[in-house]
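Chemist:
Residue numbers (our numbering): 41 to 139.
(1) I need the straight-line Cα distance from residue 81 to residue 109, nearest angstrom please.
(2) Here's the rule I'm using: 16 or more other beta-carbon atoms within 10 Å means buried, otherwise exposed. How should residue 45 be labelled?
(3) Give me the Cα-Cα distance between residue 72 and residue 83, rounded to the nearest whole angstrom.
(4) Does DSSP put residue 55 in a helix, a strand or coil?
(5) How close, in whole Å, do the beta carbons of residue 68 and residue 57 come, if the pair is a contact with beta carbons under 8 Å?
(6) Which value, in whole angstroms, describes the spacing of the CA atoms of residue 99 and residue 61?
(7) What's the gap between the Cα of residue 54 and the Cα of residue 48?
This is the structure:
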């Protein structure tokens, strides 16, 4: 099955493979060593038949639940000034201890 999935991924990523005619695509798949029934399902775009042949699950849903971003609290300029005034700077603190 992984060989088939790898080939489907290659087809999806390659504009050259996507542009091949049905016969050319069948030749590429045959060179890859895929079973004739799988080759035919891919070339004829028979999704349900391909699912059965490779034993894939139907109706697969992938979902990523991202947590909502919490908005940071806005700090007003007044808050910044009061913090600067209330906390002694390192230089002032050193002078106070030295004196």
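Beta carbons are placed, not taken as given, at the ideal position from N, Cα and C, and that holds for glycine.
Modeler: The short version:
(1) 45 Å
(2) exposed
(3) 14 Å
(4) helix
(5) 7 Å
(6) 29 Å
(7) 10 Å
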